[in-house]
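Numbering (my numbering), first residue to last: 138 to 787. Glycine included, every Cβ here is placed at the ideal spot set by N, Cα and C. Let me begin by presenting the structure, written as structure tokens, before commenting on it.
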Amino acid sequence: MNHKPIAIIATPEEDQMERIKAVCNSCHMNHIGVKTMQEVLDHTQQKPYTILFISDMITEDHLCNEILTIRNQAINKYLPVLVLCSTFPSISNDKMKLLIRAPFDIIENPINSNILTCKVHMLLTLNHQKQALQSEIQKSARAISAKNAFLSSITHEIRTPINSIIGMSDLLMDEKLDQDQKKFVRSIRCSGEMLLALFNTKIDYTNIQTDTLQLDSKVFESKSIIEKISAMLDGYLKSKRTKLITKIDPDLPRVLLGDPYRFEQVLFNILLVSIEQTINNSVTLHIKVHSKQHDIIKLYLCIEDENIGLTDQQKHSLTDDSDADFGNAHIGLFVTRHIVRKMDGNIGFSINNEKRAEFWCTICFTKTSQGFLTDCEIADEEQTRVLKCESLQAEDIRILLVEDSPINQLLGVKTLNKMGFTQIETADNGEEAINCLTQKDFDLVLMDIFMPVMNGLEASRLIRHQKTIRNPNLPIVAMTAQDTDLIQNDFKNYGISTWLSKPFEIEKLATVLTQIFPGLTMSSLNNKRGHLSDQNNESKSSDDRSEKTNKMTVFDKKKLLERLDGDEALYQDLIQGFLSDIPVQINKLEKALDFDDLTIAERTAHTLKGAFSNVGAQILQKIAQDLENNIQNGDIDKITMNIHSLKKVF
Numbered sequence: 138m139n140h141k142p143i144a145i146i147a148t149p150e151e152d153q154m155e156r157i158k159a160v161c162n163s164c165h166m167n168h169i170g171v172k173t174m175q176e177v178l179d180h181t182q183q184k185p186y187t188i189l190f191i192s193d194m195i196t197e198d199h200l201c202n203e204i205l206t207i208r209n210q211a212i213n214k215y216l217p218v219l220v221l222c223s224t225f226p227s228i229s230n231d232k233m234k235l236l237i238r239a240p241f242d243i244i245e246n247p248i249n250s251n252i253l254t255c256k257v258h259m260l261l262t263l264n265h266q267k268q269a270l271q272s273e274i275q276k277s278a279r280a281i282s283a284k285n286a287f288l289s290s291i292t293h294e295i296r297t298p299i300n301s302i303i304g305m306s307d308l309l310m311d312e313k314l315d316q317d318q319k320k321f322v323r324s325i326r327c328s329g330e331m332l333l334a335l336f337n338t339k340i341d342y343t344n345i346q347t348d349t350l351q352l353d354s355k356v357f358e359s360k361s362i363i364e365k366i367s368a369m370l371d372g373y374l375k376s377k378r379t380k381l382i383t384k385i386d387p388d389l390p391r392v393l394l395g396d397p398y399r400f401e402q403v404l405f406n407i408l409l410v411s412i413e414q415t416i417n418n419s420v421t422l423h424i425k426v427h428s429k430q431h432d433i434i435k436l437y438l439c440i441e442d443e444n445i446g447l448t449d450q451q452k453h454s455l456t457d458d459s460d461a462d463f464g465n466a467h468i469g470l471f472v473t474r475h476i477v478r479k480m481d482g483n484i485g486f487s488i489n490n491e492k493r494a495e496f497w498c499t500i501c502f503t504k505t506s507q508g509f510l511t512d513c514e515i516a517d518e519e520q521t522r523v524l525k526c527e528s529l530q531a532e533d534i535r536i537l538l539v540e541d542s543p544i545n546q547l548l549g550v551k552t553l554n555k556m557g558f559t560q561i562e563t564a565d566n567g568e569e570a571i572n573c574l575t576q577k578d579f580d581l582v583l584m585d586i587f588m589p590v591m592n593g594l595e596a597s598r599l600i601r602h603q604k605t606i607r608n609p610n611l612p613i614v615a616m617t618a619q620d621t622d623l624i625q626n627d628f629k630n631y632g633i634s635t636w637l638s639k640p641f642e643i644e645k646l647a648t649v650l651t652q653i654f655p656g657l658t659m660s661s662l663n664n665k666r667g668h669l670s671d672q673n674n675e676s677k678s679s680d681d682r683s684e685k686t687n688k689m690t691v692f693d694k695k696k697l698l699e700r701l702d703g704d705e706a707l708y709q710d711l712i713q714g715f716l717s718d719i720p721v722q723i724n725k726l727e728k729a730l731d732f733d734d735l736t737i738a739e740r741t742a743h744t745l746k747g748a749f750s751n752v753g754a755q756i757l758q759k760i761a762q763d764l765e766n767n768i769q770n771g772d773i774d775k776i777t778m779n780i781h782s783l784k785k786v787f
């Protein structure tokens, strides 16, 4: 709602007051007249006035000091001031700079109404433009906030299924497969990792635009990153009938300190573009030590080919400060350029002495003598309890897995079982976790972050501070499918010891556990995995037929068994729980709507959507998705239709 502008007129002269009021009326301004400086101070502290007309006769003090005092105490700190005087006192340049931070002018006596009217119109125009600009800034801030909230949500939703793809592929690789089957599983896993990398690039593109891109600092093995990216691109290389030749400097340190994820991104993006555009049957990657200064190592990454495939504009944009449009195919270059510069490096394009194109970049790391760490990090060493028993066995460790998704619970338990961990209990949310930790002793908590009832952050805070917890100093490993750049600053404040990004790999999870429990070794965990894998192959059911009942649209036995690693008993437990829980959830949903409790209704619809997704019930999942959206929008008619469809199909 636009309010009529209002002026305050401060002068002891009645004739001068009337002249200015007439000008205000002609400019459609409200006005109020005062005769003392104290009245000016009182009024400007109560309302955001549009213009102040002030006479030099209103004060005996230096007028510019009075004006600065008024602005300093007024609601409108940039209050435009028109001084009514015959001779304005001389002032210093410093004070003049302070005065002209907002519109400031002098009106000579006697007042010329035409000149004053023109100046008032100009100030009103400036005020209108300022209000419009402030409104746009507020809209932009709200849009950015909504965008970040959406990105936070969609990041979690997309990374969770990718977690299942990569995690199940890891478990499947432990089974007895022939060479072709292993090749297929490796292809699935690499495709999942490539999909995740492309998705992360899109997220970082947005982070760059909002200036929220962050770097981490961790210890990592350099060659493992190179091998990982090469494996991820293997399928794409074969589809392009292209060979990747990698030449690594023997002086490249095995262990570096920096951001391994950003290193992966840079390497992935420059290789992806080069492979995509090459006209040859091979591209060559050179990784060299460019320079060393104290502990800082600058690496030189170079793709050598006859044709890199960038347009002249894109080549130029690699080295200038513009944000030129790289196009969807080369959005990774935009992200890479910003990452490289954030890592104190450069990126460019050149032609070498052999007339071959070189697409290169430099990035800086710190040399370290520490051992290998994964993409999790110790947030607070004082809160991390390390068990130093040299003879510690996996079966001795008591683990609480806190995860609201049944599929992720099964995946987590089965993965831990394969490593030899047998003392595992689960909780569906943070509140259940608190109850478990109050009643029993545990050595470790694996904590999902986004859960109903009580999320992982709040549960972690209570674990550290609630006196009834039996072991408040136990390690807490946070697991999240959300972009950790958005929330990792909160982890330490809530007492989380270590975090692991979803989708996590079995090897990385094993490395985290060996860091927390030095008595464990990677080899012992891998041996346990291999032993259990042999047992599973011997007892695995060969029944892959889909269930032929009238609930066929709800349950797909074959697909569900694949997600459960062929465990028939777990399948039966999950289906029984599903069939008994869904009617309860629907009843809970209807009661929430009857009492107009849209918060519980929306959360229940979200729970139903996840349950249907877990058993592959696409029709029911779509209905639950529509129901959740309609609850958010408050569309009662559509909500009623959705519930009717839900009951009918189920």
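query = In the structure shown, what three-state DSSP assignment does Tyr215 receive?
reply = Indexing the sequence shown from 1 puts residue 215 at position 78. Coil at Tyr215, not helix or strand.
key: Residue burial classification, Ala334 (beta-carbon count within 10 angstroms, cutoff 16)   = Residue numbering aside, residue 334 sits at position 197 when the sequence shown is read from its first letter. Under this definition Ala334 is a buried residue.
request  = Compare the Cα-Cα distances from Glu401 to each of Thr343, Val472, Lys384 and report the closest residue.
outcome  = Here residue 401 is taken as the residue at index 264 of the sequence shown, counted from 1. Ranking Thr343, Val472, Lys384 by Cα distance to Glu401 puts Val472 first.
ask   = Going by the beta-carbon positions, is the gap between Leu581 and Val614 smaller than 8 Å?
value = Here residue 581 corresponds to residue number 444 of the sequence shown, with the count starting at 1. Here residue 614 corresponds to residue number 477 of the sequence shown, with the count starting at 1. For Leu581 and Val614, yes; Cβs fall inside 8 Å.
query = Does the distance from the C-beta atom of Ile363 to that of Glu330 stay below 8 Å?
reply = For the purposes of this step, residue 363 is taken as the residue at position 226 of the sequence shown. For the purposes of this step, residue 330 is taken as the residue at position 193 of the sequence shown. Against a cut-off of 8 Å, the Cβ pair of Glu330 and Ile363 comes out as no contact.
query = Across which residues does DSSP place Gly485 in a beta bridge pair?
reply = Translated into the one-based positions of the sequence shown, residue 485 becomes position 348. Note: Gly485 sits in a beta bridge opposite Trp497.
inquiry  = Suppose only complete runs of 4+ residues qualify. What are the alpha helix (DSSP H) ranges in the region 334-383, listed by chain order?
reply    = 359-369, 371-376
message = Could you compute how far the alpha carbon of Asn566 sits from the alpha carbon of Gln546?
response = Reading the sequence shown from its first residue, position 429 is the one you call residue 566. Reading the sequence shown from its first residue, position 409 is the one you call residue 546. Distance between the alpha carbons of Asn566 and Gln546: 12 Å.
ask   = Which residues bound the alpha helix (DSSP H) around Gln402?
value = The sequence position of residue 402 within the sequence shown is 265, counting from 1. Start and end: 397-414.
task = With a floor of 3 residues, list each beta strand (DSSP E) that falls wholly inside the region 719-753, ordered by position along the chain.
result = none
request  = Identify the continuous alpha helix (DSSP H) that holds Asn766 and give its terminal residues.
outcome  = Numbered from 1 along the sequence shown, position 629 holds the residue referred to as residue 766. It spans 755-770 - the alpha helix (DSSP H) in which Asn766 sits, taken as one unbroken run.
query = By the 10 Å Cβ neighbour count, where 16 or more other Cβ atoms means buried, how is Val410 classified, buried or exposed?
reply = The residue you call residue 410 lines up with position 273 of the sequence shown. When all chains shown are included, Val410 counts as buried.
query = In chain order, what residues of the same chain lie with their CB nearer than 8 Å to the CB of Cys573, ignoring the 5 residues before and after it?
reply = The residue given as residue 573 occupies position 436 in the sequence shown. Answer for Cys573: Leu537, Glu562, Ala564, Phe579, listed in chain order.
query = How close, in whole Å, do the beta carbons of Thr499 and Asn483 come, if the pair is a contact with beta carbons under 8 Å?
reply = Within the sequence shown, residue 499 is the residue found at index 362, counting from 1. Within the sequence shown, residue 483 is the residue found at index 346, counting from 1. Correct: roughly 5 Å between the Cβ atoms.
Contact between the region 381-396 and the region 335-350 (3+ Cβ pairs under 8 Å) = no
key: Whole runs of the alpha helix (DSSP H) within the region 153-201, excluding any shorter than 4 residues   = 174-181
ask   = At which residues does the alpha helix (DSSP H) containing Gln576 begin and terminate?
value = Within the sequence shown, residue 576 is the residue found at index 439, counting from 1. Looking at the DSSP string, the run of the alpha helix (DSSP H) that includes Gln576 is 567-576.
ask   = What did DSSP end up calling Lys688 once you bin it into helix, strand or coil?
value = Residue 688 sits at position 551 when you count from the first residue of the sequence shown. Unreliable placement is indicated for Lys688, whose pLDDT of 39 sits below 50; the coordinate value is still reported in the next sentence. Coil at Lys688, not helix or strand.
message = Please classify Asn406 as buried or exposed, where buried requires at least 16 other C-beta atoms within 10 Å of its C-beta.
response = One-based indexing of the sequence shown puts residue 406 at position 269. Asn406 should be labelled buried.
inquiry  = Suppose the cutoff is 6 Å on Cβ atoms and the five residues either side in sequence are ignored; what does the same chain contact list for Met194 look like?
reply    = Along the sequence shown, read from residue 1 onward, the residue named residue 194 stands at position 57. For Met194, where only same-chain residues beyond five positions count, the Cβ hits under 6 Å are Pro149.
request  = Report yes or no: do three or more beta-carbon pairs, one from the region 371-387 and one from the region 411-430, lie closer than 8 Å?
outcome  = yes
task = Would you identify the three-state DSSP class for Phe502, choosing helix, strand or coil?
result = To locate residue 502, count along the sequence shown from 1; it is residue 365. Strand at Phe502.
message = Alpha carbons only, please: which of Leu611, Thr575, Glu540, Gln576 is nearest the one belonging to Asn592?
response = The residue given as residue 592 occupies position 455 in the sequence shown. For the residues Leu611, Thr575, Glu540, Gln576, the minimum Cα distance to Asn592 belongs to Glu540.
message = Applying the 10 Å Cβ sphere with the 16-neighbour rule, what's the burial state of Leu662?
response = The residue labelled residue 662 in the question sits at position 525 within the sequence shown. Result: buried.
Residue of Ile433, Ile434, Asp432, Leu438 minimising C-alpha distance to His423 = On the sequence shown, residue 423 is found 286 positions in, with the first residue counted as 1. Out of Ile433, Ile434, Asp432, Leu438, Leu438 has the C-alpha closest to the C-alpha of His423.
key: Three-state secondary structure assigned by DSSP to Asp307   = One-based indexing of the sequence shown puts residue 307 at position 170. Correct three-state label for Asp307: helix.
Option in Thr617, Tyr215, Lys339 with minimal Cα separation from Thr181 = Within the sequence shown, numbered from 1, the residue matching residue 181 stands at position 44. Minimum Cα distance to Thr181 is reached at Tyr215.
task = Using the Cα positions of Leu393 and Asn264, report the straight-line distance between them to the nearest angstrom.
result = Taking the first residue of the sequence shown as position 1, residue 393 is located at position 256. Taking the first residue of the sequence shown as position 1, residue 264 is located at position 127. Straight-line Cα distance between these residues: approximately 55 Å.
inquiry  = Considering only the alpha carbon of each residue, which of Gln762, Leu783, Glu203 lies closest to Glu727?
reply    = Position 590 of the sequence shown, counted from the start, is the residue given in the question as residue 727. Ranking Gln762, Leu783, Glu203 by Cα distance to Glu727 puts Leu783 first.
request  = Spatial neighbours of Ile768 within its chain, please: CB distance less than 7 Å, with the 5 preceding and 5 following residues excluded, ordered by chain position.
outcome  = Residue numbering aside, residue 768 sits at position 631 when the sequence shown is read from its first letter. Only Leu735, Ala738, Glu739, Ala742, Ile776 meet the Cβ criterion.
ask   = Do you know how far the Cα of Ile143 is from the Cα of Thr262?
value = Working through the sequence shown from its first residue, we reach residue 262 at position 125. Working through the sequence shown from its first residue, we reach residue 143 at position 6. Rounded to whole angstroms, Thr262 to Ile143 spans 14 Å at the Cα level.
key: Neighbourhood of Ser163 by C-beta distance below 8 Å, restricted to the same chain and skipping five residues each side   = As a working note, residue 163 is residue 26 in the sequence shown. Contacts found: Thr254.
query = Mapping DSSP to helix, strand and coil, what is Thr605?
reply = Locating residue 605 in the sequence shown gives position 468, where the first residue counts as 1. It is coil, neither helix nor strand.
ask   = Excluding the five sequence neighbours on either side, which residues of its own chain have a C-beta within less than 6 Å of the C-beta of Ile169, listed in chain order?
value = The count along the sequence shown starts at 1 and reaches residue 169 at position 32. Contacts found: Ile145.
request  = Quick one: residues in its chain with C-beta nearer than 6 Å to the C-beta of Glu495, no 5 flanking neighbours on either side, listed in chain order?
outcome  = Position 358 of the sequence shown, counted from the start, is the residue given in the question as residue 495. Around Glu495: Cys439, Glu441, Ser487, Asn489.
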